[in-house]
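**Student:** Positions -37 to -1, 1 to 504 (mature numbering (1 follows the signal peptide of the UniProt record, and there is no 0)) are the ones given, in order, by the sequence shown.
Note that CB positions come from ideal geometry on N, CA and C, so glycine has one too.
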Amino acid sequence: MRRHHSTTPRNLRTTRLARVLGSLLLVAAAGAVTAGAAPGTGGAQAATPLGRVIPAPAAVREGGSPYRITAATRIRVDGGGEARRVGAYLADVLRPSTGYRLPLTTSGPAGIRLKLAKGGPYGPEGYRLDSRAGGVTITATAPAGLFHGVQTLRQLLPAAIEKKTVQPGPWLVAGGTVQDSPRYAYRGVMLDVSRHFLTVAQVKRYIDEAALYKVNKLHLHLSDDQGWRIAIDSWPRLATYGGSTQVGGGQGGYYTKDDYREIVRYAASRYLEVIPEIDTPSHTNAALASYADLNCDGVAPPLYTGTKVGFSSLCVGKDITYTFLDDVIREVAALTPGRYLHIGGDEAHSTSHDDYVKFMDRVQPIVAKYGKTVIGWHQLTAATPVKGALAQYWGLDSTSAAEKQQVAQAAQNGTGLILAPADRIYLDMKYTKDTPLGLAWAGYVEVQRSYDWDPGSYLPGVPASAVKGVEAPMWTETLSTSDQLDYMAFPRLPGAAELGWSPAATHDWDTYRTRLAAQAPRWDALGIGYYRSPQVPWPSS
């Protein structure tokens, strides 16, 4: 990674809540059940109810004695190397706070068992968690399901399980069964690394936070007017010059190919698929500034550090534009094992409609040429999306009926949709007028507004089958530090994840806000600062 400049962090005071005690008080106050005594506990102990996790599980049956993790606990993995890596991940979470060895085994008694099974109703990401006094078993047909089951197990343990020093416990898992699988196959978050460059370490931190809530897509906005963030061997000035600044005039940075591979590898270890975005034909000033020949007049504009949109455009009529894009897409696709490549397409205000259509007709086949599936912002539906393409809707409740109808017509014709409405789950929108960070062009987005909508029925005229999932973008015009990202993501990111995972029948704001409040001590243990929304009954500090 080439980091030209480290933006001076903005101090952001965030609330730190009581840790283990706060968690237990919340469970009691919210009517948590008191599970039966586990052997050796010396009496009944409170255990988190199986349904009090985020995202809400598809089905829960509570009952029976809890399991207690002790020094004798082993983690048994029935499966190959990838399943064993999930077991190692679980051990890495549990060992620091419990102080136990928790060795991995492939046979014999365990306590915690991760089991791959052929068949079953789980699908590629679902799982079953069975807990009783003798142990906890997570069963899935694929390692991704085991990993998601592990996230549920984490949330069923006290928040102190997340700490990096030994804590007193006890470590109880309530008795019963969870059977769970996602509503949508696409459950994403987006990081804009162009307006402000984010280091590999910052991206990894965000991946870990998203994985806790079963998010499975990481969309990286790698290029914009303010910065180009990935090395392209055939066009080196894109990164070295186009990546040399950011909003406000900082020196920006870019990912080397090895940096990008490391992000992809790390995301895959948390079962997130990386989706790179090269935004076109607008949002391209960094590229235009890097190479004069990409401009219609052959003159390179200056680098840009402001926040306006829609003023830049690739030269649709020049053949070099498509040579450039062929090279960029070829190199990025070769680095990306996932299925998708995002070509942007939004806010092309300085590109005529006819030119926009011509441009998309030429660029979409390039993506297919290199084995990827097209994703574009929903303005792609003004052209002709290729077969299999996905359109990402970022409009508002107030978006014109004509624009919504255009998207609905494309959906009726077979284009899949990813829903990311800006006035619902753009995580950089201010919560209220007093929020010190973020923007407000889409309005203020409090926690209830962010959560309280149904992707399956959100857009009139769109068949429910056309909705492939949801994504919560984080634009970074005003954000540069992990503390700032956390404050804007939490507590809204978990709600977006639940919209993507949980059955529509489980959706209920009143029960959700209680489950959300119970997450606060866990965030505190993880060092995640968050917005203390008055809409949520947070535990007392």
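(1) Pick out the complete alpha helix (DSSP H) segments inside the region 154 to 227, 4 residues or longer, and give them in chain order.
(2) Who are the Cβ neighbours of T395 in its own chain at under 8 Å, not counting the five residues just before and after it?
(3) Between the alpha carbons of R168 and D449, how many angstroms are there, rounded?
(4) Taking C-beta to C-beta, are G200 and Y217 nearer than 8 Å?
(5) Could you tell me the distance, in whole angstroms, from the CA atom of R(-28) to the CA atom of L161?
(6) Which stretch, first to last residue, makes up the alpha helix (DSSP H) that contains H111?
(7) Taking Cβ to Cβ, would you say A96 is nearer than 8 Å to S28?
(8) Using beta-carbon positions only, say whether S443 and H159 come within less than 8 Å of one another.
(9) Between the alpha carbons of K431 and A19, how many angstroms are there, rounded?
(10) How big is the Cα-Cα spacing for P121 and S232?
(11) Closer than 6 Å by C-beta to S503: which residues in its own chain qualify, once you throw out the five before and the five after it? Chain order, please.
(12) Please name the residue in Y267, L382, C259 whose C-alpha comes closest to that of I283.
(13) CA-CA distance, V40 and G71?
(14) At the level of alpha carbons, what is the spacing between F287 and Y319?
(15) According to DSSP, is W486 helix, strand or coil?
(16) What is the residue span of the beta strand (DSSP E) that residue 528 lies within?
(17) Give the DSSP-derived three-state secondary structure of P436 in the structure shown.
(18) How about G334 and I306: are their beta carbons less than 8 Å apart?
(19) What alpha helix (DSSP H) runs, 4 residues minimum, are completely inside the region 369 to 446?
(20) Kindly list the residues whose CB is nearer than 7 Å to the CB of Q142, restricted to its own chain and excluding five residues on each side of it in sequence; keep chain order.
(21) Across the region 211 to 225 and the region 446 to 460, are there enough close Cβ pairs to call them in contact, namely three or more that are closer than 8 Å?
(22) In chain order, what residues of the same chain have a beta carbon less than 7 Å from the beta carbon of T4, not counting five sequence neighbours either side?
(23) Using the beta-carbon count (16 or more within 10 Å), is V113 buried or exposed?
(24) Using 8 Å as the cut-off, can you tell me whether the region 263 to 271 makes contact with the region 312 to 331, which would need three or more C-beta pairs spanning the two stretches below that distance?
(25) Under DSSP, the beta strand (DSSP E) around V337 begins and ends at which residues?
(26) To the nearest whole angstrom, what separates the beta carbons of A46 and L13, a pair I think is in contact under 8 Å?
(27) Considering just the uninterrupted stretch of the beta strand (DSSP E) at I101, what are its terminal residues?
(28) Leaving out the 5 sequence neighbours to the left and right, which residues in its chain are closer than 8 Å to W472 when beta-carbon positions are compared?
(29) I'd like to know whether the C-beta atoms of V425 and G463 end up nearer to each other than 8 Å.
(30) Does the separation of the CB atoms of V56 and V99 fall below 8 Å?
(31) Only counting the same chain, and skipping five residues up and downstream in sequence, which positions put a Cβ closer than 7 Å to that of L382?
(32) Who are the near neighbours of R150 in its chain, counting only those whose CB is closer than 7 Å to its CB and skipping five residues on each side?
(33) Within 10 Å of its beta-carbon, does W486 have 16 or more other beta-carbons around it, so buried, or fewer, so exposed?
(34) Locate the alpha helix (DSSP H) running through S94, then write down its first and last residues.
(35) So who's on the other strand from E240, going by DSSP bridges?
**Tutor:** On the basis of the data shown:
(1) Secondary structure within the region 154 to 227: the alpha helix (DSSP H) runs of 4 or more consecutive residues, fully enclosed, are 163 to 174, 200 to 203 (chain order).
(2) Stepping through the sequence shown from its first residue, residue 395 is reached at position 432. Cβ neighbours of T395 beyond the five flanking positions: Y407, E409.
(3) Here the question's residue 168 lines up with position 205 in the sequence shown. Here the question's residue 449 lines up with position 486 in the sequence shown. Each residue's Cα considered, the two are about 10 Å apart.
(4) Taking the first residue of the sequence shown as 1, we reach residue 200 at position 237. Taking the first residue of the sequence shown as 1, we reach residue 217 at position 254. Checking the sequence shown, residue 200 turns out to be Arg, not Gly. Result no, Cβ atoms of R200 and Y217 do not sit closer than 8 Å.
(5) Looking up residue -28 in the sequence shown gives position 10. Looking up residue 161 in the sequence shown gives position 198. With a pLDDT of 37 at R(-28), under the threshold of 50, the modelled position of that residue is not reliable, and no figure is offered here.
(6) On the sequence shown, residue 111 is found 148 positions in, with the first residue counted as 1. Taken as a continuous stretch (DSSP letters only), the alpha helix (DSSP H) holding H111 covers 106 to 119.
(7) Locating residue 96 in the sequence shown gives position 133, where the first residue counts as 1. Locating residue 28 in the sequence shown gives position 65, where the first residue counts as 1. A contact, by the Cβ cut-off of 8 Å.
(8) Position 480 of the sequence shown holds residue 443. Position 196 of the sequence shown holds residue 159. Yes, the Cβ-Cβ distance between S443 and H159 is below 8 Å.
(9) As a working mapping, residue 431 is identified with position 468 in the sequence shown. As a working mapping, residue 19 is identified with position 56 in the sequence shown. Looking at the two C-alpha atoms, the distance is approximately 19 Å.
(10) Taking the sequence shown and counting its residues from 1, the one referred to as residue 121 is at position 158. Taking the sequence shown and counting its residues from 1, the one referred to as residue 232 is at position 269. So the two alpha carbons sit approximately 24 Å from each other.
(11) In the sequence shown, residue 503 corresponds to position 540, counting from 1. Closer than 6 Å at the Cβ level, and outside the excluded window around S503, lies no residue.
(12) In the sequence shown, residue 283 corresponds to position 320, counting from 1. The candidate whose alpha carbon is nearest that of I283 is C259.
(13) Walking along the sequence shown from the start, residue 40 turns up at place 77. Walking along the sequence shown from the start, residue 71 turns up at place 108. Looking at the two C-alpha atoms, the distance is approximately 10 Å.
(14) Here residue 287 is taken as the residue at index 324 of the sequence shown, counted from 1. Here residue 319 is taken as the residue at index 356 of the sequence shown, counted from 1. Roughly 17 Å between the two C-alpha positions.
(15) In the sequence shown, residue 486 corresponds to position 523, counting from 1. The answer is helix: DSSP assigns W486 an H, G or I state.
(16) Nothing in the structure corresponds to residue 528, since the chain is present only between -37 and 504.
(17) Start at 1 with the first residue of the sequence shown, and residue 436 comes out as number 473. P436: strand per DSSP, three-state reduction.
(18) Indexing the sequence shown from 1 puts residue 334 at position 371. Indexing the sequence shown from 1 puts residue 306 at position 343. No, they are not a contact pair.
(19) 385 to 388, 410 to 414
(20) In the sequence shown, the residue the question calls residue 142 occupies position 179. Here the set comprises A21, A22, R91.
(21) no
(22) Reading the sequence shown from its first residue, position 41 is the one you call residue 4. Confidence at T4 is low in this model, with a pLDDT of 35, below 50, so its placement is unreliable and no value can be given for it.
(23) The residue given as residue 113 occupies position 150 in the sequence shown. Buried is the call here.
(24) no
(25) The residue given as residue 337 occupies position 374 in the sequence shown. That run of the beta strand (DSSP E) goes 336 to 340.
(26) Taking the sequence shown and counting its residues from 1, one reaches residue 46 at position 83. Taking the sequence shown and counting its residues from 1, one reaches residue 13 at position 50. About 23 Å; that fails the 8 Å criterion.
(27) Walking along the sequence shown from the start, residue 101 turns up at place 138. I101 -> beta strand (DSSP E) spans 98 to 103.
(28) Residue 472 sits at position 509 when you count from the first residue of the sequence shown. Cβ within range, chain order: Q411, Y414, D415.
(29) Reading the sequence shown from its first residue, position 462 is the one you call residue 425. Reading the sequence shown from its first residue, position 500 is the one you call residue 463. Result no, Cβ atoms of V425 and G463 do not sit closer than 8 Å.
(30) By one-based count along the sequence shown, residue 56 stands at place 93. By one-based count along the sequence shown, residue 99 stands at place 136. For V56 and V99, no; Cβs fall outside 8 Å.
(31) Here residue 382 is taken as the residue at index 419 of the sequence shown, counted from 1. Same-chain partners within the cutoff: Y356, P418, Y421, V430, V433.
(32) By 1-based counting over the sequence shown, the position of residue 150 is 187. Once the five neighbours on either side are set aside, the close Cβ partners of R150 are K177, V178, N179, K180, G432, V433, A460, G463, W464.
(33) Here residue 486 refers to the residue found at position 523 when the sequence shown is read from its first residue. Flag for W486 reads buried.
(34) Position 131 of the sequence shown, counted from the first residue, corresponds to residue 94. No alpha helix (DSSP H) holds S94; the beta strand (DSSP E) holding it covers 90 to 95.
(35) In the sequence shown, the residue the question calls residue 240 occupies position 277. E240 pairs with H184, H305.
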